[in-house]
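**Student:** I'd like to ask some things about the structure below.
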Amino acid sequence: MNETNNSKKILEVHNPNSNTAYIDISSPIQMTLEYCSGLSDDDFINIFMFSLGQNSYHKINKNSALSKFNSRELHRHNFFELMIILEGDVIQQIEGNDYHYSTGSCCIINRNIKHREKFYDKAKILFIGMSSEFILQLISEQENFYHHDNQPDNNFVFNFLKENILSDEQKNYLDIFPSFKNKNSMEELHDISEELIHLILSTSFGTIYGIKYNICKLFSYLNNKELFHATPVSLHTSADLFLFSRINHLLEDTNGSLNRKELSQLLNYSGNYINTVVKRYSGMCLFDYSLTYSLKKAAKLLESTDIPISSIAQSLNFTNRTHFYNLFKGKYGMTPGEYRKLRYK
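Rendered as structure tokens:
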């Protein structure tokens, strides 16, 4: 491993040989960019750390070292950590459970959770560490700047951070998952990340204000409910329930139109395993469970629009009108026409 001499000024590790290492942050904000080229003997991991006016570099060579990196002890820290998957897929191991994170997804870890990231293929991750004081300052400045009646809309990222700062006992994290239609998430995340790294490495007067602006810009982007799903996750949530939550998000985004192969590609699990998880938590196979989202969308369109029933069925990929009517009646106890007469506004 290669490293510069000033890495300890950025993060200080305590009890590195214990079951849980503890990491202190030495500045209000810190960023770590990790790149894994793969897991063969010729591959490597590059680790770049950035803090205000400081930086360090590590390089881990050879597969044996990579294996050691993946099997290192869990750690926790005195700061909040936002993980952004810029490329590839990684595993975030949280107190014994493995959670898969794919390109464009994010995770915010609070100060009490033991965790570590694990590479199993080519990937690039950005970590943004923020002290409690830095976050409270952002929240306070936001609240003091605007008149009470003109406060910006609530931001679930800030709310999560604020709640965790007020309680040292909470052990949860925030899962942030891009919606199906969010095809450009990586472009925006890359742009904000690059600007933050540039600013953090800068020593110009007023740089801190640019950093604060871009953190708020990032949180505002992640707060867009049309583009991301944010779910607070407690430690008792199993990896399968976590996966089922993401399946639900994707089916809701697409009105149940995704098939097993498409979900497999999006979630990086086999189609058979996805079907098993869905059946475990819903009692239905994936195909039947997906239909409930299609029918839910049909009911919503019947309630709120005057679109012809046949057009609604066609838009939701029901090619057989009789089949659609039978499924709808089975779920809602009445035909689509009867439902519309009762509910249409």
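Numbering (the working numbering), first residue to last: -14 to 330. For every residue, glycine included, the Cβ atom is placed at its ideal position computed from N, Cα and C.
With a threshold of 7 Å on Cβ separation, who are the neighbours of Arg101 within its own chain once the five nearest residues in sequence on each side are excluded?
**Tutor:** If we look at Arg101 and ignore the five residues flanking it on each side, its Cβ neighbours are Arg57, Leu59, His60, Gln78.
**Student:** Under 7 Å: does the beta carbon of Ser22 sit that close to some heavy atom of the ligand NAP?
**Tutor:** Because no ligand of any kind appears in the structure shown, any question about the ligand NAP cannot be addressed here.
**Student:** Please determine, among Glu66, Asp83, Gly81, Tyr105, the residue with the shortest C-alpha to C-alpha distance to Cys91.
**Tutor:** Among Glu66, Asp83, Gly81, Tyr105, the Cα nearest to that of Cys91 is on Glu66.
**Student:** Based on Cα-Cα distance, which residue from Leu286, Pro293, Ile70, Ser296 lies nearest to Asp106?
**Tutor:** Taking only the C-alpha atoms, the option nearest Asp106 is Ile70.
**Student:** By DSSP, does Asp28 sit in helix, in strand, or in coil?
**Tutor:** In the structure shown, Asp28 sits in coil (DSSP, three-state: anything other than H, G, I, E or B).
**Student:** When you compare each of Thr188, Leu184, Phe104 to Gly195 by their alpha carbons, which one comes out closest?
**Tutor:** Closest by alpha carbon: Leu184.
**Student:** Out of curiosity, what's the CA-to-CA distance linking Phe141 and Ser249?
**Tutor:** Going from the Cα of Phe141 to the Cα of Ser249 covers about 29 Å.
**Student:** Using a Cβ-Cβ distance cut-off of 8 Å, determine whether Asn129 contacts chain D.
**Tutor:** The question asks about chain D, but that chain is absent: this structure has only one protein chain.
**Student:** Just the Cα atoms here: how many angstroms apart are Asp28 and Phe313?
**Tutor:** Each residue's alpha carbon lies about 54 Å from the other.
**Student:** What did DSSP end up calling Thr192 once you bin it into helix, strand or coil?
**Tutor:** Correct three-state label for Thr192: helix.
**Student:** Would you tell me roughly how many angstroms separate the C-alpha atoms of Phe143 and His85, rounded to the nearest one?
**Tutor:** Cα-Cα distance, rounded: 24 Å.
**Student:** Select from Cys201, Asn46, Asp83 the residue whose C-alpha is nearest the C-alpha of Asp26.
**Tutor:** If we check each option's Cα against that of Asp26, Asn46 comes out closest.
**Student:** Roughly how many angstroms separate the alpha carbons of Asn332 and Asn260, rounded to a whole number?
**Tutor:** The requested residue 332 does not occur in the structure, where the chain is confined to residues -14 to 330.
**Student:** Let me check one thing: in DSSP terms, what residues is Phe35 bridge-paired to?
**Tutor:** Phe35 is bridged to Met16, Asn40.
**Student:** Just to confirm, are Gly114 and Gln15 a CB contact at a threshold of 8 Å?
**Tutor:** Against a cut-off of 8 Å, the Cβ pair of Gln15 and Gly114 comes out as a contact.
**Student:** From Met(-14) to Ile30, what does the alpha carbon distance come to, in whole angstroms?
**Tutor:** Model confidence at Met(-14) stands at a pLDDT of 40, short of 50, so the residue's coordinates are unreliable; what they give is reported in the following sentence. C-alpha separation (whole angstroms): 10 Å.
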